[in-house]
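Undergrad: For the sequence shown, UniProt numbering gives the first residue as 1, with consecutive numbering after it.
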Amino acid sequence: MATVYVAQDLRLDRRVALKVMHPSLSLDERFVARFINEAKSIARLTHPNIVQVYDQGTDQGQVYLTMEYVPGRTLRDLLAARGRLTAADALQVLVPVLAALGAAHQNGIVHRDVKPENVLLTNDGRVRVADFGLARTVDGDEQRHTAVGSVIGTAGYMPPEQVTLGRTDARGDVYSAGIMLYELVTGALPHQGDSLMAVSYQHVNTDVPPPSRAVPGLPASIDRLVAEATDREPQRRPANAIQLLAGVFDAYHNLPGTGEQPLMRQLGYAAVAAATDPPAAGDRGTYAATQLVGITSDDDPRTQTLSGVLRPIVDDDYDDDYDDDLDDDYDPPPRRGSRRRRRAMHPWLVPGIAIAAALVVLVGGIAWWLAATSTTVTPDLTGMTEEQAVAAAEDAGLTVEVGEASYSDDVEPGLVAASTPEAGTEVDSGSVVTVSLSQGPQFAPVPDVVGRTLDEALAMLEEAGLDQVEQEEATSFTAPEGTIVAVTPSVGSNADRGEPVVLQVSTGFEMPNLVGMSRPDAEARLSELGMQATFTEREDDSAPAGQVLEQTPAEGEGVNRETAVQLVVSSGPAMVTVPDIRNWNEADAVAELQRLGLQVQVHQLFGGGQVYNWQPQGQVEPGTQIQIWTSPIGGGGGPGGGGPGGGNGGGGRDDD
1 MATVYVAQDL
11 RLDRRVALKV
21 MHPSLSLDER
31 FVARFINEAK
41 SIARLTHPNI
51 VQVYDQGTDQ
61 GQVYLTMEYV
71 PGRTLRDLLA
81 ARGRLTAADA
91 LQVLVPVLAA
101 LGAAHQNGIV
111 HRDVKPENVL
121 LTNDGRVRVA
131 DFGLARTVDG
141 DEQRHTAVGS
151 VIGTAGYMPP
161 EQVTLGRTDA
171 RGDVYSAGIM
181 LYELVTGALP
191 HQGDSLMAVS
201 YQHVNTDVPP
211 PSRAVPGLPA
221 SIDRLVAEAT
231 DREPQRRPAN
241 AIQLLAGVFD
251 AYHNLPGTGE
261 QPLMRQLGYA
271 AVAAATDPPA
281 AGDRGTYAAT
291 QLVGITSDDD
301 PRTQTLSGVL
311 RPIVDDDYDD
321 DYDDDLDDDY
331 DPPPRRGSRR
341 RRRAMHPWLV
351 PGIAIAAALV
361 VLVGGIAWWL
371 AATSTTVTPD
381 LTGMTEEQAV
391 AAAEDAGLTV
401 EVGEASYSDD
411 VEPGLVAAST
421 PEAGTEVDSG
431 SVVTVSLSQG
441 PQFAPVPDVV
451 GRTLDEALAM
461 LEEAGLDQVE
471 QEEATSFTAP
481 EGTIVAVTPS
491 VGSNADRGEP
501 VVLQVSTGFE
511 MPNLVGMSRP
521 DAEARLSELG
531 MQATFTERED
541 DSAPAGQVLE
551 QTPAEGEGVN
561 RETAVQLVVS
571 SGPAMVTVPD
581 IRNWNEADAV
591 AELQRLGLQV
601 QVHQLFGGGQ
611 VYNWQPQGQV
621 EPGTQIQIWT
631 SPIGGGGGPG
641 GGGPGGGNGG
651 GGRDDD
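1) In the DSSP assignment, what are the bridge partners of Glu-473?
2) Quick test of the definition: if touching needs 3 or more C-beta pairs under 8 Å, does the region 151 to 171 touch the region 49 to 66?
3) Excluding the 5 residues preceding and the 5 following Ala-39 in the sequence, name in chain order all residues of the same chain whose CB lies nearer than 7 Å to its CB.
4) Looking only at its chain, what residues have a beta carbon closer than 8 Å to the beta carbon of Thr-507, apart from the 5 residues adjacent to it on each side?
5) Cα separation between Asp-283 and Val-70?
6) Taking Cβ positions, are Pro-512 and Gly-546 nearer each other than 9 Å?
7) Quick check: what's the CA-CA separation for residue 665 versus Pro-116?
8) Ala-464 lies in the beta strand (DSSP E); which residues open and close that run?
9) So what does DSSP say about Gln-243, is it helix, strand or coil?
10) At what residues does the beta strand (DSSP E) containing Gly-102 begin and finish?
11) Okay, do the region 117 to 127 and the region 92 to 107 touch, 3+ Cβ pairs below 8 Å being the bar?
12) Taking Val-32 as part of the alpha helix (DSSP H), name the residues at either end of that continuous run.
13) With a cut-off of 8 Å, do at least 3 Cβ pairs link the region 429 to 437 to the region 397 to 415?
14) If you check the beta carbons only, do Leu-549 and Ser-527 fall under 9 Å apart?
15) Considering only the beta carbon of each residue, do Ser-406 and Ala-418 sit closer than 9 Å?
16) What are the boundary residues of the beta strand (DSSP E) that includes His-603?
17) Hey, could you find the ends of the alpha helix (DSSP H) residue 659 is sitting in?
18) Jot down the residue ranges of each uninterrupted alpha helix (DSSP H) in the region 375 to 461, minimum 4 residues, whole runs only, in chain order.
19) So, helix, strand or coil for His-191, using DSSP?
20) Can you tell me which of Asp-59, Thr-552, Gly-556 and Ser-221 puts its alpha carbon nearest to the alpha carbon of Gln-566?
21) Alpha carbons only, please: which of Val-411, Val-620, Arg-14 and Thr-58 is nearest the one belonging to Ala-33?
22) For Ala-7, does the count of other Cβ atoms within 10 angstroms reach 16, so buried, or fall short, so exposed?
23) Roughly how many angstroms lie between the CA atoms of Ala-587 and Ser-542, to the nearest whole one?
24) Take the Cβ of Asn-613 as the centre, count every other Cβ of all protein chains shown within 10 Å, and call the residue buried at 16 or more, exposed below.
25) Any idea what DSSP makes of Ala-81, helix, strand or coil?
26) Using 8 Å as the threshold, is the region 602 to 622 in touch with the region 572 to 592, meaning 3 or more CB pairs across them?
27) Could you give the residue range of the alpha helix (DSSP H) that holds Leu-523?
28) So the candidates are Tyr-252, Pro-190 and Pro-211; which of them puts its Cα closest to the Cα of Tyr-201?
29) On the three-state DSSP scale, how would you describe Gly-294?
30) Which residue from Phe-132, Arg-14, Glu-412 and Lys-19 puts its Cα closest to that of Ala-2?
31) Count the CB pairs spanning the region 74 to 87 and the region 20 to 29 that are closer than 8 Å, and state whether there are at least three.
32) Give the secondary structure of Phe-535 by DSSP, where H, G and I count as helix, E and B as strand, and everything else as coil.
33) Would you please state the rounded distance, in angstroms, between the beta carbons of Thr-630 and Val-600? I believe it to be under 8 Å.
34) Determine the contact status of Leu-605 and Ile-626, defining contact as a CB-CB distance below 9 Å.
35) Using 8 Å for Cβ pairs, my map puts Leu-120 next to Gly-156. What's the rounded Cβ distance?
Set out below in structure tokens:
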């Protein structure tokens with residue numbers, strides 16, 4: 001993102017750190033504007049534990065920051081040399097870090113990149129926090145869903161909400177400080193993996209384990225402090241670094257053997273480092289890093305554009321070419337031919353008195369700091385997208401939480417309809433502004449869904465913004481099954497989008513049973529239902545003519561008045577054609593008629609012989625009795641010619 005140089009301020013004759021933005025980023029006007037705004041915010045933040053920003057400018061298209069030059073080494077270097085720190089040492093290092101973070105949080109500034117690499121240990125024993133607020137500039141709106149290249153070095157300290165939502169607030173710094181405390185006392189990060197995704201997944205889904213699990217014997221107070229700071233739910237963490245600092249004091253004084261020892265051993269380190277020249281009365285220079293002081297006005301002198309750029313130190317880091325000459329407790333192994341300087345506590349009563357005096361200032365400073373407040377005015381976020389609202393709130397030193405959606409006749413759906421506190425309200429810096437996104441107007445006209453299928457009606461209601469729907473079944477003689485019979489509220493009226501729209505869905509009515517009825521009876525039943533039927537006939541030996549044999553739809557099926565009904569009725573059994581048996585031999589005629597399924601009765605004249613008449617003739621039903629008349633001579637006669645016994649008179653016999 002940038003390259004840091006050691007440079008010489010020619011006007012004030014002092015060494016400074018010059019941070020020059022890479023040329024590729026200088027072409028992004030929005031990025032540069034955000035970078036400059038953040039630099040201004042940090043420049044107004046004056047605190048002895050924060051690396052100061054002196055000036056900002058542009059020279060021949062190159063954007064740069066002029067910052068305080070801090071010789072020394074990083075907390076990462078110390079961990080590399082010692083592996084891990086004791087619980088007491090870790091808390092002593094954490095106090096000035098939280099002091100710096102707390103000052104920033106009261107001014108609405110979030111660090112977002114708390115890690116050992118950004119904690120500097122100066123040659124005179126002070127603790128300084130670097131890159132304050134620049135993490136937010138680098139990972140601003142353009143990279144809100146953090147790119148891998150910008151966070152892979154800090155994934156181990158990233159709060160869950162920054163992974164899932166792409167944003168965080170002061171409680172995110174508290175989480176990162178808790179992770180750093182875990183690393184200080186164990187020598188390792190709690191969440192590790194082969195990739196950024198693996199580590200981020202653990203931050204979101206896995207609680208930070210107690211440090212005592214990795215290093216048995218660590219006090220329970222350290223476990224509790226880490227657990228409170230690294231709770232995966234931001235609302236359950238200390239609200240800011242000041243609150244966490246109070247927990248650090250409690251944890252320190254509960255450590256075995258600490259008693260009332262000075263909490264900031266860096267005070268002692270500074271005294272030893274300055275042993276050659278004991279501090280003069282009133283000189284607090286070597287102790288100021290441990291005092292919790294308020295925010296002063298921005299009266300630091302501004303520097304001019306520098307032309308004397310010297311050798312580069314490192315790309316956007318502070319951990320190269322630092323002098324490792326810290327106090328005895330933090331010294332690396334002695335180099336060959338050198339002698340370790342022994343601590344000489346007894347000869348230096350004056351520094352010891354200064355330590356006690358500084359502690360008084362420390363306690364008084366904390367009390368003042370906790371009582372002090374910094375305020376800002378809430379901006380007007382109405383009509384903004386969620387992303388725009390977050391950016392505008394951050395510019396005002398506030399954070400945004402999205403509350404319940406609300407209806408608005410004026411604001412389009414998805415944009416901010418209201419915010420709490422309202423725009424123009426004076427609030428503490430770092431406060432949370434809750435925004436409500438618009439759902440559009442509260443009332444919407446009900447579309448004409450009557451007669452539509454259920455799927456069509458649901459789609460039309462959703463398009464109208466009426467997505468709360470209830471369904472009721474309704475019997476209808478007119479509406480096809482599955483179509484809408486009625487809607488409440490009625491078509492065209494304004495419906496409250498917060499209340500359900502009730503659809504009455506037709507089930508039609510059930511088809512009655514018509515099988516077995518005569519045709520006239522079936523027609524009468526359908527007429528009662530407002531229905532009509534078409535009829536077809538089919539011969540049936542077992543059903544009389546006109547009886548209903550089949551129906552479509554079947555009994556019990558859903559129908560309505562428009563449903564087509566088809567009925568099959570019996571035309572009776574199949575008819576038999578009586579053959580012409582005139583002059584047939586009596587026996588042959590009887591046999592043929594019986595073969596056709598007919599019954600036969602024979603009337604003989606003069607002893608019979610040949611058929612001369614028979615009745616009925618033509619087509620008859622199976623089983624019909626056929627009357628035949630026979631005589632020795634056959635022929636003639638018949639019903640039309642004198643009938644049985646007619647003609648020549650005579651009688652006969654019944655053959656059947």
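Just so it is clear, CB atoms sit at the ideal spot from N, CA and C, and this is done for glycine as well. Predicted, not measured: the structure shown is a model, and the values here were computed from it.
TA: Considering the structure as presented:
1) Paired residue(s): Val-505.
2) Contact between the region 151 to 171 and the region 49 to 66 is absent, with fewer than three C-beta pairs closer than 8 Å.
3) If we look at Ala-39 and ignore the five residues flanking it on each side, its Cβ neighbours are Val-53, Gln-56 and Leu-65.
4) Result list for Thr-507: Glu-473, Ala-474, Thr-475, Ser-476, Glu-481 and Gly-558, in chain order.
5) Low confidence applies to Asp-283: its pLDDT is 34, below 50, so where it sits in the model is not reliable, and the reading given next is rough at best. If I take the Cα positions, the gap works out to 20 Å.
6) Their beta carbons are not under 9 Å apart, which means Pro-512 does not touch Gly-546 by this criterion.
7) Residue 665 lies beyond the range of the chain shown here (1 to 656); nothing can be said about it.
8) Bounds of any beta strand (DSSP E) do not take in Ala-464, whose DSSP letter is neither H nor E.
9) Helix at Gln-243.
10) First-last for Gly-102: 87 to 106, but that is the alpha helix (DSSP H), not the beta strand (DSSP E).
11) Using a Cβ-Cβ distance cut-off of 8 Å, the region 117 to 127 and the region 92 to 107 are in contact, since at least three pairs of beta carbons, one from each stretch, lie closer than that value.
12) DSSP places Val-32 in the uninterrupted alpha helix (DSSP H) bounded by 29 to 43.
13) Segments in contact, yes.
14) It is not a contact, given that the beta carbons lie outside the stated cut-off.
15) Their beta carbons are under 9 Å apart, which means Ser-406 touches Ala-418 by this criterion.
16) First-last of the beta strand (DSSP E) with His-603: 599 to 604.
17) This structure cannot speak to residue 659, because the chain is shown only from 1 to 656.
18) The region 375 to 461 contains these whole alpha helix (DSSP H) runs: 386 to 395.
19) Of the three classes helix, strand and coil, the one that applies to His-191 here is coil, per DSSP.
20) It is Thr-552.
21) Among Val-411, Val-620, Arg-14 and Thr-58, the Cα nearest to that of Ala-33 is on Thr-58.
22) Classification for Ala-7: buried.
23) Roughly 31 Å between the two C-alpha positions.
24) Counting the other CB atoms within 10 Å of its CB gives Asn-613 a total of 16 or more, which places it among the buried residues.
25) Ala-81: helix per DSSP, three-state reduction.
26) Contact between the region 602 to 622 and the region 572 to 592 is present: 3 or more CB-CB pairs across the two stretches fall below 8 Å.
27) As written in the sequence, residue 523 is Glu, which differs from the Leu given in the question. From DSSP, the alpha helix (DSSP H) with Glu-523 extends over 519 to 528.
28) Closest by alpha carbon: Pro-190.
29) Reliability fails at Gly-294, whose pLDDT of 29 lies under 50, so the model's placement of it is uncertain and the value that follows must be treated cautiously. Coil.
30) If you compare the alpha carbons of Phe-132, Arg-14, Glu-412 and Lys-19 with that of Ala-2, the shortest gap goes to Lys-19.
31) The region 74 to 87, when compared against the region 20 to 29, does not touch it at the 8 Å Cβ threshold.
32) Three-state DSSP puts Phe-535 in a strand.
33) Separation of the CB atoms of Thr-630 and Val-600 is rounded to 11 Å, and the pair is thereby denied contact status at 8 Å.
34) The answer is no: Cβ separation not under 9 Å.
35) So it is not a contact: roughly 19 Å between Cβ atoms.
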